[in-house]
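Top line first, the protein sequences correspond to chains R and Z.
Numbering-wise (our numbering), the first sequence opens with residue 18 and increments by one.
Numbering-wise (our numbering), the second sequence opens with residue 1292 and increments by one.
Just so you know, even glycine gets a beta-carbon here, dropped at the ideal spot from N, CA and C.
Since this is a predicted model, take the numbers as computed values, not measurements.
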Amino acid sequence: EVQLVETGGGLVQPGKSLKLTCATSGFTFSTAWMHWVRQSPEKRLEWIARIKDKSNNYATDYVESVKGRFTISRDDSKSSVYLQMNSLKEEDTATYYCTTSAYWGQGTLVTVSS
Amino acid sequence: DIQMTQSPASLSASLGETVTIECRASEDIYNGLAWYQQKPGKSPQLLIYNANSLHTGVPSRFSGSGSGTQYSLKINSLQSEDVASYFCQQYYDYPWTFGGGTKLELK
């Protein structure tokens, strides 16, 4: 059974940092391209980052609104993908999902507020 | 970025009815389109990929069609478990972008 489990969300002040983890199982993680997608409180979905596999040099891509602030990474030995979020803004408040596109985690809520 | 315009934003239908949701891309996305179903408090679940391919385990009453910039999701013989929000998403080009969603309710 494919499983993706996100952790690391919570309440954080503007300007602070947070790191999300997505632990996976049930599929060949090492060859999968992994993504982070977020859903705002208004329920709008926004793709934010992707990391390719080793054969594609772990290439990354980001949506413009998070470039320079967020970093996606992976550890194939742990079948996990990460999202380091720096300089957080109130508009980053959302539920964050990791996904292969075919399979999604349950999400972790990030609230940015003073 | 490719803009995805989804319609209608909400829809009310009766059990057994056929429902169609539309999605229009701001440019040709060459069938790089997926449809997701999301139930309250749950994560999105893939229904359709490549515009018309049914994901594993998805009931055959769901179907996708379209090409170029115009795509649609059809649900035949609406069931109570189909009450959910539906989103289209293009993956032809980065950044991937989503439609605004359609909330489907029972009449």
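With DSSP as the reference, identify every bridge partner of residue i, one or two as the case may be.
i         : result
Tyr1340/Z : Ser1344/Z
Tyr79/R   : Ala66/R
Thr1311/Z : Lys1365/Z
Suppose the cutoff is 6 angstroms on Cβ atoms and the five residues either side in sequence are ignored; what does the same chain contact list for residue i look like?
i         : result
Gly1357/Z : Ala1342 and Ser1363
Thr41/R   : Leu21 and Ser96
Val83/R   : Ile65
Ser1317/Z : Ile1293 and Gln1294
Thr1347/Z : none
Which residues in the same chain have their Cβ closer than 7 angstroms to the Cβ of residue i, if we skip the five residues on either side of it in sequence?
i        : result
Lys106/R : Pro31 and Val129
Closer than 9 angstroms by beta-carbon distance: list the chain R residues that pair up with residue i, in chain order.
i         : result
Trp1437/Z : Residue 1437/Z lies beyond the range of chain Z shown here (1292 to 1398); nothing can be said about it.
Ser1376/Z : Lys60
How is residue i classed by DSSP in three states: helix, strand or coil?
i         : result
Phe46/R   : helix
Val54/R   : strand
Glu108/R  : helix
Ser94/R   : helix
Ser1371/Z : helix
Run down chain Z in chain order and give the residues with a C-beta less than 8 angstroms from the C-beta of residue i.
i        : result
Gly122/R : Ser1334
Lys84/R  : Neighbours of Lys84/R on chain Z: none; closest Cβ ~10 angstroms, over 8 angstroms.
Lys106/R : Correct list: empty, because the minimum Cβ distance to chain Z is about 18 angstroms.
Please say whether residue j and residue i have beta carbons closer to each other than 8 angstroms?
i         : j         : result
Asp92/R   : Lys71/R   : no
Trp121/R  : Tyr113/R  : no
Leu1338/Z : Trp1326/Z : yes
Ser1376/Z : Gly1392/Z : yes
Tyr99/R   : Thr24/R   : no
What does residue i reach in chain Z if we use C-beta pairs closer than 9 angstroms?
i        : result
Ser118/R : Ala1325, Leu1337, Tyr1340, Gln1380, Tyr1382 and Trp1387
Trp64/R  : Gln1380, Tyr1382, Tyr1385, Pro1386, Trp1387, Thr1388 and Phe1389
Tyr113/R : Those do not exist, as Tyr113/R stays about 11 angstroms from chain Z at its closest Cβ, beyond 9 angstroms.
So which residues on chain Z does residue i lean against when the C-beta distance must stay under 7 angstroms?
i       : result
Val80/R : Pro1386
Taking residue i as the query, report the chain R residues whose CB atoms sit under 7 angstroms from its CB, ordered along the chain.
i         : result
Gly1392/Z : Lys60
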